[in-house]
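Novice: Sharing a structure here in structure tokens format.
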Amino acid sequence: MLIPKPLILFIDAYDSFSNNIISLLETTLDASVRTIKIDDPCFETDDALHNELRHYAAVVCGPGPGHPEKKQDVGLMKRIWSLGEQETIPVLGICLGFQTLCLEFGSSIKRLKGAQHGMIRKVAHVGELGLNKDNSIFDGVGEIQATLYQSLCADIGQDMISENGWTTQKWNSTDECPNLVPLAWVESDLLEDNDSGVKDRRVLVAVRHRTKPFWALQYHPESICTNHESQKVISNWFKHAQIWNRQCRVQSIQLRGQAQGHSATRESLLRTSEKYRPMLNGSSNFPFGSHFSADYETEEIYYSRTLDFQGQISVADIVEKIQDIRHDQIILESSNAYEKSVGSADVRGRYSIIALDIQENLRFEYTIHSNTIFVIHPSTEIGKKHITSTNLPQFGGVWPFLAQYLEKRQIKNGIADSPFWGGFMGYTTYELGLEGIGVEPRGKREHKRPDLSLVWVTRSLVVDHVKNKIYLQRLASEEDKSLTTAWMNDTVSRLEPVLHGLEAKSPPSTLFILPKPNPLSINIPKDSEYDTKVCLCQESIRSGDSYELCLTDQTTVTLPRHQPQSQSNNPHTHPLKPIKTSDPSWSLYRTLRTRQPAPYTSPGPNQLLIKNHAIAINPVDWAKQTTGNLMFRWLKYPIVLGLDVAGEVVEVGPSTPPSALQFKIGDRVVGNATGMDEHVNRAEEGGFQEYTILRTHLTAHIPSNISYENACVIPLGLSTAACGLFLPTQLALSLPTSPAPKPRNEILVVWGGSTSVGCNAIQLGVASGYEVITTASPKNFEYMRQLGASHVFDYRDPETVKEIIAFLKGKTCAGALAIGSKSTEACFSIVSASKGRKFVSQASGPVDIYNLPKGVFEIISTVAGMLWWNICMAFKTRTKGVQSKFFSGGDLLRNETVAKGVYNEFLPAALRDGGFVPAPEPLVVGKGLERVQEALDVSRKGVSAKKVVVIL
């Protein structure tokens, strides 16, 4: 005999996350979930509620909008926490359920000083300390990164605990709430700067009742941004719940009888269709009963013709050439509004689908709750409709009906490259979706439009914007083969001017001359009124009434209606179809399609748009993430980090003069993204995304033998090295060439050769004709020599400075590039004791980026140390006659001469000829943007002679 799964009752407070939590429960636990609403009238009496609870192994009181002190917001939840001993059942509260538990047992509920909605926070929990191991739902749970959605918090007196006693006392019950045992907290050091809105030091996020089987979580375990460790908490809870049921539960679980809770998993449309299949297939007149004409039951055959076109093509122009635009049109347009744009399908959109002559096809219309679908049959006379209707309940509803209709007319021999061969096209409304999940739409219906309007399309045209092909298609019977051929011939002849990019000399088949576009009248909401609505939404969120509001407002767009031109004055009017009216909808469509924002930011002059294939991590990326506004304070949020990218060019800035065009669509390139630069500050130019805008003077071609993951390690290291070596305000060395020039008999010192900057500096110095000596750890000596260094010294050896000075004796020093903490002091000593240029280019300051200060006292101490360091360097400059200057890789953005010399002229040739190799070596941690955070963490821990990379 099959043993049924234990049942969990989910009490739903009308929350948008309820279904996700139910899914988490059913996929994580060996249990089935039933659900009831907080205000279910079936449980108005205690007896009714108690009888229902006896069917369940546990209860989950879910999240919801509102305040736990308001009876209408919590409903049944309050009664769950106050169950008597005879009826007590294991319970887990989540979010609102958490707050109701805390409120029931002594806590007060307060507003957070800074609401936390969609915020990912680290949770400090008892499992990390091994506390309450036998009775903890956090036993064996590692670090939790959890998503908070809350404006309110439980106050159990945590702010009364002193800072000194907090570490140990935070896990104890307080005098205010002796029956609540804290299990987890989210903590914040408010002395540290943050712009995330966090304003609360101590937020309780998990508790248990001291004696009852009650647990609760304030955070959302089901959120996609809550890590998988939290699933262990859910498993532990249910394990403890079942143990309590076996050992302590008074009322045994009833396995017989009917529970009132609804199945949490709705029957799928597919299953509904299968249930009604026998009846549907048994109906000889399906789908229209006695109204169904046998003319439509003939088997349809797929006919097609493939056409090629040149350049770019306008979907609107196609429609005007072959359609009568006085009729309704159905167009699924994917092309970019900028019709002359170039690039891949990701940029331009690949397919556009045009339904042809839809007035000659069946149209299905349905309005919610009507239980009737209307079928509008084609008519040979304009304006006359033949309408039939079918009662839907006998077919299981509108969707099973349409599914069976489609199944009976499947086509299997269409062109594989065409995404659509024929079938349903049209629209459905939001309200139809609500009907499907049993939710009643609010407000009065102010129109009579149907909620579903689908045409059975038998004639269609598909445009492939990437392959420059058009698929002309028709579904027709064998008897209509000759008519189909004639129709296709006629359609192709009308398309000829569009296919070959010719000016239209013949009138469009719209049968009347289109009016000239008139200026649009656009009325947007008043700023003051809209701001007021925003403030009301914010107050609703702060009060806990909601944590996710969609504020919509209305903008009206009006195009003046044109008076129709008389037939006698229009030489292009069709002789058989006189014009009665001029509908402005088509002109409005043509106007609005050019006003739509592009799906990406188009590149401007001297810019490229690339599709990233690989990205690399630099310390500044995770340093910004770690320090917040201590670094790059100018950046506007949202920020897209990332500086090193490699990928494929998908669009070239339209204003770039053709004579200066170095790049074309499809080129493989590597480039330095500049989104974080103070003078750029644009998310579109950040690297950690699918598409990035690059500046052409910071972009280089890469040969086919170099992979994207190898190439992407180059940019920031190259830019930074180039700044230190070639800028006029730095060492001002001669620019590199490929092949390298004759030796210049000067020696360049690079301190920190195994760093990303150092690896590039060594190669640039050699390519400029200089002998390069460098420092590294002994394990990287051979690698440094492979990059071109003539001699390598151990940077950790206290005698290294003396050894380098001795090596340079009698030779000319071209200056030094200082990379890494304490490198500047060493380079000062070297160049001051050597012949040649007395200049140190500083790529690094005195602070080790891997040991950044934390907390206000460390920051103050670090700032004081930097000030003292600057004073010491200034003193050494005066006493030793050595000049020095700090720089960053971003300085190259503003010197196009050096940038073009390095990126456009030197690097492509050097990569192709082998005079420059991507360095350091890539350390690939994974694929996809979702791996970027992991890559940042790996880089933060430190790598030697490698650069962390993510491929896309």
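Throughout the sequence shown, residue numbering follows this note's numbering, covering 964 to 1915 in sequence.
Where a beta carbon is used, it is the ideal one built from N, C-alpha and C, also for glycine.
Can you name, in chain order, every residue of its own chain whose Cβ lies under 7 Å from the Cβ of T1454, other than the five neighbours on each side?
Specialist: I1285, L1435
Novice: Quick check on L1153: does DSSP put it in helix, strand or coil?
Specialist: coil
Novice: What does DSSP give as the partner residues of A1779 in its beta bridges?
Specialist: Under DSSP, the beta-bridge partners assigned to A1779 are V1712, V1803.
Novice: Taking just the CA atoms, how far does S1099 sit from N1199?
Specialist: 8 Å
Novice: Is the beta carbon of D1102 sitting closer than 8 Å to the one on P1028?
Specialist: no
Novice: Assess contact between the segment 1078-1093 and the segment 1038-1058, defined as three or more Cβ pairs (one per stretch) separated by less than 8 Å. Is contact present?
Specialist: no
Novice: Exposed or buried, Q1062, counting other C-beta atoms within 10 Å across all chains shown (16 or more means buried)?
Specialist: buried
Novice: Nearest-angstrom Cα distance between D1640 and Y1552?
Specialist: 40 Å
Novice: Is I1264 helix, strand or coil when you go by DSSP?
Specialist: strand
Novice: Determine the direct distance from the alpha carbon of S1503 to that of D1517, and round the result to whole angstroms.
Specialist: Here the sequence assigns Gln to residue 1517, which means Asp is not the residue at that position. When rounded, the distance between both Cα atoms is 21 Å.
Novice: Check for me: the alpha helix (DSSP H) holding Q1570 runs from which residue to which?
Specialist: Taken as a continuous stretch (DSSP letters only), Q1570 belongs to no alpha helix (DSSP H), being part of the beta strand (DSSP E) at 1570-1579.
Novice: Using the Cα positions of K1303 and D1494, report the straight-line distance between them to the nearest angstrom.
Specialist: Because the pLDDT of K1303 is 48, which lies under 50, any placement of that residue in the model is unreliable, and the question is left without a value.
Novice: What's the C-alpha gap between A1646 and D1900?
Specialist: Straight across, the Cα-Cα distance linking A1646 with D1900 is about 22 Å.
Novice: Within 10 angstroms of its Cβ, does N1135 collect 16 or more other Cβ (buried), or is it exposed?
Specialist: exposed
Novice: Who pairs with H1183 in a beta bridge, going by DSSP?
Specialist: T1110
Novice: Check each candidate in S1565, G1605, E1611 and name the one with the smallest Cα separation from I1573.
Specialist: Relative to I1573, the option among S1565, G1605, E1611 whose CA is nearest is E1611.
Novice: Considering K1909, what are the terminal residues of the beta strand (DSSP E) in which it resides?
Specialist: 1909-1914
Novice: Put D1320 into one of helix, strand or coil per three-state DSSP.
Specialist: coil
Novice: Taking three-plus beta-carbon pairs below 8 Å as touching, is the segment 1735-1753 in contact with the segment 1704-1717?
Specialist: Short answer: they touch.
Novice: Return the chain-ordered ranges of every alpha helix (DSSP H) run that is complete within the segment 1710-1766 and spans a minimum of 4 residues.
Specialist: 1719-1730, 1744-1750
Novice: Rounded to the nearest angstrom, what separates G1878 and G1799 at their Cα positions?
Specialist: Those two C-alpha atoms are separated by around 27 Å.
Novice: Spatial neighbours of G1038 within its chain, please: C-beta separation below 6 Å, excluding the five flanking residues on both sides.
Specialist: I1001, D1002
Novice: Just mark V1911 as buried or exposed, buried being the case when its beta carbon has 16 or more other beta carbons within 10 Å.
Specialist: buried
Novice: Given this structure, state the Cα-to-Cα distance separating I1216 from T1051, to the nearest angstrom.
Specialist: One C-alpha to the other measures close to 12 Å.
Novice: Determine the burial state of A1898: buried for a count of at least 16 other Cβ atoms within 10 Å of its Cβ, exposed for fewer.
Specialist: buried
Novice: Would you check if the distance between the CB atom of V947 and the CB atom of Y1314 is smaller than 8 Å?
Specialist: Shown here, the chain extends from 964 to 1915; a query on residue 947 therefore has no answer.
Novice: Report yes or no: do three or more beta-carbon pairs, one from the segment 1659-1676 and one from the segment 1758-1773, lie closer than 8 Å?
Specialist: no
Novice: Are the beta-carbon atoms belonging to K968 and S995 less than 8 Å from one another?
Specialist: yes
Novice: Mark V1166 as exposed unless 16 or more other C-beta atoms lie within 10 angstroms of its C-beta, in which case mark it buried.
Specialist: Burial call: buried.
Novice: With C-beta atoms as the reference, is S1847 less than 8 Å away from M1836?
Specialist: yes
Novice: Evaluate contact between the segment 1132-1147 and the segment 1008-1015, counting only Cβ atoms and requiring at least three cross-stretch pairs below 8 Å.
Specialist: no
Novice: Based on Cα-Cα distance, which residue from K1705, M1747, P1702 lies nearest to A1724?
Specialist: Proximity to A1724 across K1705, M1747, P1702 peaks at M1747, based on C-alpha coordinates.
Novice: Where Y1600 and G1077 are concerned, what is the direct C-alpha to C-alpha distance, given to the nearest angstrom?
Specialist: 18 Å
Novice: Check whether the Cβ atoms of L1417 and R1658 lie closer than 8 Å to each other.
Specialist: Not in contact: L1417 and R1658 (Cβ atoms no closer than 8 Å).
Novice: Between I1339, P1678, I1433, which lies nearest to P1413 when the distance is taken from Cα to Cα?
Specialist: I1339
Novice: Exposed or buried, G1047, counting other C-beta atoms within 10 Å across all chains shown (16 or more means buried)?
Specialist: exposed
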